[in-house]
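A short write-up of the structure that comes next.
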Amino acid sequence: MGVKSIIDEDSWVLVRQSNTEHSIRISTESNNLKKAKSIEKEVSHLVSKSYEESRRSRNH
15 MGVKSIIDED
25 SWVLVRQSNT
35 EHSIRISTES
45 NNLKKAKSIE
55 KEVSHLVSKS
65 YEESRRSRNH
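For the sequence shown, our numbering puts the final residue at 74, and the numbers step up evenly by one.
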């Protein structure tokens with residue numbers, strides 16, 4: 015189970031919990047490799063930022 019977002023008609027991203035490790039998996043697909051890597055980088059940054067904000071709010 016995860017969250018899949020359609021970016022445009024040729025690109026999507028899926029964010030889900032790993033079934034085998036204590037981690038988050040980010041999968042992307044696009045007809046353009048540069049675009050897929052850019053989407054993955056941006057989503058990875060957003061997930062990391064959200065995780066850090068969540069940790070800080072639990073510690074206060």
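In this text, a Cβ means the ideal position worked out from N, Cα and C, and glycines have one as well.
One Cα belongs to ASN46, the other to ILE53, and the distance between them is close to 11 Å. When secondary structure is reduced to three states using DSSP, SER19 falls in the strand class. Counting only runs of at least 4 residues, the region 28-72 fully encloses the following alpha helix (DSSP H) elements, listed from N- to C-terminal order: 47-72. For SER25, the CB contacts under 8 Å within the same chain, skipping 5 residues up- and downstream, are THR42, GLU43, SER44, ASN45, ASN46, LYS49, ALA50, ILE53 in chain order.
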